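A.B. asks: Pasting a structure below so you can have a look.
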Amino acid sequence: MLRAGGKVAAVFVLSLLGLVLVTFVLARMLGLDLTFP
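Note that this note's numbering has the sequence shown beginning at 117, numbered continuously upward.
If you want it as structure tokens, here you go:
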């Protein structure tokens, strides 16, 4: 059960990082000046 929970958490974190990366790349292509804290 713990292994399955860890896999779900890993997939969630990876998808979240991917979403942030895609958003950042799109913002750069659109010419938006984003400053992340």
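From the three backbone atoms N, C-alpha and C, an ideal C-beta is built for every residue, glycine too.
Model, not experiment: these values are computed from the prediction.
To the nearest angstrom, how far is it from the Cα of residue 141 to the Cα of residue 125?
C.D. replies: Spanning the two alpha carbons is a distance of roughly 24 Å.
A.B. asks: Between the C-alpha atoms of residue 145 and residue 135, what's the straight-line distance to the nearest angstrom?
C.D. replies: Residue 145 and residue 135: Cα-Cα distance of roughly 15 Å.
A.B. asks: Tell me whether residue 148 sits in a helix, a strand or coil according to DSSP, three-state version.
C.D. replies: Coil.
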